[in-house]
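Per the numbering used here, the sequence shown starts with residue 2, numbered consecutively.
Below: one structure, written as structure tokens.
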Amino acid sequence: MRRRRGDSVAARGTLPATLILREPAPTHGTVSARSFDCSVNRPELGINRVQSHESNGSSMSAESRSFRVLVVAPGADPAVVLDAVTAIAASDCRCVDELHVLASVDAADRLRAALLKPGVTSALADRCKQSGIAQADIVFSRRTIHGLGRFGTSGSIADDVLDTLRKLCGDTMVDVTVVASSNAGVVGILAHSALQLVGKPTDRFFVLPVGPRTRAASKPRRHREDRASRPLLLEVPAILAERPMLPIHSYTELAAARRLARQRLSQPGILTLDGRRRTIRTDDVELPVPRLQFFWMFCLATLAPQALPLRLLSGNVDIETNGRITIASGHPQQAHLEVLAQHMKRVFVTLFPNAGDEFPLVFRRACGPTPGLPSVIAKLNAQLKRAFGVGAEPYLIAGGRGTAGYRLTLPPAQLELVPHLRVAHTPDSASAREAAHGDDPDR
2 MRRRRGDSVA ARGTLPATLI LREPAPTHGT VSARSFDCSV NRPELGINRV
52 QSHESNGSSM SAESRSFRVL VVAPGADPAV VLDAVTAIAA SDCRCVDELH
102 VLASVDAADR LRAALLKPGV TSALADRCKQ SGIAQADIVF SRRTIHGLGR
152 FGTSGSIADD VLDTLRKLCG DTMVDVTVVA SSNAGVVGIL AHSALQLVGK
202 PTDRFFVLPV GPRTRAASKP RRHREDRASR PLLLEVPAIL AERPMLPIHS
252 YTELAAARRL ARQRLSQPGI LTLDGRRRTI RTDDVELPVP RLQFFWMFCL
302 ATLAPQALPL RLLSGNVDIE TNGRITIASG HPQQAHLEVL AQHMKRVFVT
352 LFPNAGDEFP LVFRRACGPT PGLPSVIAKL NAQLKRAFGV GAEPYLIAGG
402 RGTAGYRLTL PPAQLELVPH LRVAHTPDSA SAREAAHGDD PDR
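Shown next as structure tokens:
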């Protein structure tokens, strides 16, 4: 018994499947939705009849075990559904296991009445016979005709399209192909957009042009005229999202979030680092951060726009177990490094008042001779990218091992620290010494 999605069974009088067994020929992005010039048995093309009682599973090639779902956005024309089934079968040389139809609520009722009525089955069977396609089982019923936009708005149509495709594309064993009529309007546009958000590399999108040249003529056509009248199935590339979208987001919410993320690139919002909640927040996004990662992010924010000079600290500054700061003897920036180390200790004690004795070990591991700070920074940036998406760049930590240090590029005025801590910024050793000892003229 071959694999099916769920326990659905084709209802009485529903559409039969189509199956073609042949080696795919190069289509260059287009295939014909009708092939009336093909005979039932064409050994030179690898096309053979399949008995109607033969299961799809026994017909499928050994190298292909995926469940194939065809989603059609036909607009108001039920004939597009039949064209799409035969076109995809002719293109892929494989059967379709399940058929879904996307349409507005009003159009869905009319499509159900047209596609599920007696006579449609035999019409498709005749077309398949002319194309050399035999019948097999396909799952298609009222359940798979989706009425979109229950609330009568384009936003609700978008949400319903995304929800439907998300469920179909969520199974890694299911290959989804979407075919939209050129007259599908907003449903076709939204189907392409939704597939880019939730689709997999194996999922595809096609447009089926509908017009005078693609409709069956009322009179029999000669061989050449018939070939010229076939509609072309045009593949439209899908630019897939870098990561699958979370199922908790609707299309409307995703659109608002992406718009805000793009806005952050040119107009970054306030970045709040809340030491009480140990979170990083901007606009409507709040990111919980592990304890030590938050400490280093907070530390960099207190130094902004100056950098944390890891190269200077590493190997030149040590903090002993008793809390005493040791600077390499004769270092030209001894005072500056001393102020910096004292400031970092103050930040740590402020954030973690009951763990102040842990600071020497934390500092040594991050800024010692074998510094672990670059790894911490990499993890922080990765979390910020995941949380803020395409708008994360202004909030990322800049710098690296071969640079002057690590720093936040966001202006200090756009950094909100809770509790509020800042350090005096000293461009040289003399000013660093003044910051460390105050304005006492006797020093």
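Think of the CB as a built atom: it goes at the ideal place given N, C-alpha and C, for glycine as much as any other residue.
Among Val-187, Arg-259, Leu-301, Val-363, nearest to Ala-393 - alpha-carbon criterion: Taking the sequence shown and counting its residues from 1, one reaches residue 393 at position 392. If we check each option's Cα against that of Ala-393, Arg-259 comes out closest.
For Arg-113: DSSP bridge partner residues: On the sequence shown, position 112 is the one that residue 113 refers to. Beta-bridge analysis with DSSP links Arg-113 to no other residue.
Cβ contact check for the segment 162-181 and the segment 248-263: 3 or more pairs under 8 Å: As far as the Cβ criterion goes, the segment 162-181 touches the segment 248-263, which means the pair count is three or higher.
Euclidean distance between Cα positions of Arg-95 and Val-102: Here residue 95 is taken as the residue at index 94 of the sequence shown, counted from 1. Here residue 102 is taken as the residue at index 101 of the sequence shown, counted from 1. Computed Cα separation, rounded: 19 Å.
Contained beta strand (DSSP E) runs [length at least 3] in the segment 284-362, N- to C-terminal order: Taking only runs of at least 3 residues, the beta strand (DSSP E) segments lying wholly in the segment 284-362 are 286-289, 318-320, 326-328.
Stretch pair the segment 276-289 + the segment 368-376: three plus CB contacts closer than 8 Å: As far as the Cβ criterion goes, the segment 276-289 does not touch the segment 368-376, which means the pair count is below three.
Segment contact flag, the segment 382-396 with the segment 301-312, C-beta cutoff 8 Å, min 3 pairs: Result no; under three Cβ-Cβ pairs closer than 8 Å.
Best match in Pro-354, Pro-289, Val-318, Gly-200 for proximity to Ala-329 [C-alpha to C-alpha]: For the purposes of this step, residue 329 is taken as the residue at position 328 of the sequence shown. Of the candidates Pro-354, Pro-289, Val-318, Gly-200, the one whose C-alpha sits nearest the C-alpha of Ala-329 is Val-318.
Range covered by the alpha helix (DSSP H) that runs through Asp-176: Your numbering for residue 176 matches position 175 in the sequence shown. Per DSSP, Asp-176 belongs to no alpha helix (DSSP H); it is in the beta strand (DSSP E), 175-182.
Member of Arg-312, Ala-88, Lys-346 whose CA lies at the smallest distance from the CA of Leu-293: Along the sequence shown, read from residue 1 onward, the residue named residue 293 stands at position 292. Shortest Cα-Cα distance from Leu-293 to any of Arg-312, Ala-88, Lys-346 involves Lys-346.
Proximity to Gln-264 [Cα-Cα], best of Ile-249, Asp-284, His-250: Counting from 1 along the sequence shown, the entry for residue 264 is found at position 263. Scanning Ile-249, Asp-284, His-250 for the CA closest to the CA of Gln-264 turns up Asp-284.
Beta-carbon proximity check, Gly-357 vs Pro-375, cutoff 9 Å: Stepping through the sequence shown from its first residue, residue 357 is reached at position 356. Stepping through the sequence shown from its first residue, residue 375 is reached at position 374. Taking 9 Å as the Cβ cut-off, Gly-357 and Pro-375 do not qualify as a contacting pair.
When Pro-291, Leu-362, His-421 are compared against Val-348, the one with the closest alpha-carbon: Residue mapping note: residue 348 aligns to position 347 of the sequence shown, counting from 1. Residue His-421 is the option with its Cα nearest to Val-348.
Span separating the alpha-carbon of Pro-412 from that of Ala-379: Counting from one through the sequence shown, the residue named residue 412 turns up at place 411. Counting from one through the sequence shown, the residue named residue 379 turns up at place 378. For the pair Pro-412 and Ala-379, the Cα-to-Cα distance works out to about 21 Å.
Which of helix, strand or coil DSSP assigns to Ala-218: Along the sequence shown, read from residue 1 onward, the residue named residue 218 stands at position 217. Its pLDDT being 40, under 50, Ala-218 is placed unreliably by the model, and the measurement read from it follows with that caveat. The answer is coil: DSSP assigns Ala-218 none of H, G, I, E or B.
Glu-254: first and last residue of the uninterrupted alpha helix (DSSP H) it sits in: Position 253 of the sequence shown, counted from the first residue, corresponds to residue 254. From DSSP, the alpha helix (DSSP H) with Glu-254 extends over 252-267.
Segment contact flag, the segment 242-251 with the segment 178-190, C-beta cutoff 8 Å, min 3 pairs: In the pairwise beta carbon analysis, the segment 242-251 is classified as not touching the segment 178-190: fewer than three pairs are separated by under 8 Å.
Per-residue DSSP class, three states only, for His-193: Here residue 193 is taken as the residue at index 192 of the sequence shown, counted from 1. Residue state, collapsed to three classes: helix.
Anticipated Cβ contact below 8 Å, Leu-235 with Pro-210, distance rounded: Within the sequence shown, numbered from 1, the residue matching residue 235 stands at position 234. Within the sequence shown, numbered from 1, the residue matching residue 210 stands at position 209. The beta-carbon separation of Leu-235 and Pro-210, rounded to 7 Å, stays under the 8 Å limit for a contact.
Proximity of Leu-409 and Ala-302 at Cβ, strictly below 9 Å: As a working note, residue 409 is residue 408 in the sequence shown. As a working note, residue 302 is residue 301 in the sequence shown. Yes, they are a contact pair.
Beta-carbon proximity check, Leu-169 vs Val-237, cutoff 9 Å: Residue 169 sits at position 168 when you count from the first residue of the sequence shown. Residue 237 sits at position 236 when you count from the first residue of the sequence shown. The Cβ atoms of Leu-169 and Val-237 do not sit closer than 9 Å to each other.
Endpoints, beta strand (DSSP E) assigned at Ala-74: Here residue 74 refers to the residue found at position 73 when the sequence shown is read from its first residue. Where Ala-74 is concerned, the enclosing beta strand (DSSP E) stretches over 68-74.
DSSP state of Ser-105 mapped onto helix, strand, coil: Translated into the one-based positions of the sequence shown, residue 105 becomes position 104. Reduced to three states, the DSSP call for Ser-105 is strand.
Counterpart residues of Gly-148 in DSSP-defined beta bridges: Counted from its first residue, the sequence shown places residue 148 at position 147. Looking at the DSSP output, Gly-148 sits in a beta bridge with Ala-104.
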